[in-house]
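Worksheet for the structure shown next.
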Amino acid sequence: MPVYEFKCKKCGNRFELAESISQHDKHKEKCPECGSKSIQNVVSTVSVKTAKKS
Ligand SMILES: [Zn+2]
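Per this note's numbering, the sequence shown starts with residue -18, numbered consecutively.
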């Protein structure tokens, strides 16, 4: 299961989440710190082409 790194746009918290591709596609991740869904996927090592972008 790939691990994604995220940064919360609201509180600036950085965190990692291990999730399946399908989960990632649904974009239901949220900040564990403040619960905001305004998070940014920080990808440094993995290059993934995302066709879908909501
Ligand atoms: Zn946050």
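Note that beta-carbon positions come from the ideal geometry of N, C-alpha and C, so glycine has one too. Note that the structure is predicted; figures quoted are calculated from it, not measured.
Hey, would you say the C-beta of residue i is under 7 Å away from at least one heavy atom of ligand 1?
i	result
N(-6)	yes
K14	At residue 14 the sequence reads Glu, which differs from the Lys that was named. Yes - ligand 1 has a heavy atom lying nearer than 7 Å to the Cβ of E14.
K18	no
K9	no
Mind checking residue i: buried by the 16 CB within 10 Å criterion, or exposed?
i	result
C(-11)	buried
C15	exposed
C(-8)	exposed
Report the CB separation of residue i from residue j in whole angstroms; it is logged as a contact under 8 Å.
i	j	result
A(-1)	V(-16)	5 Å
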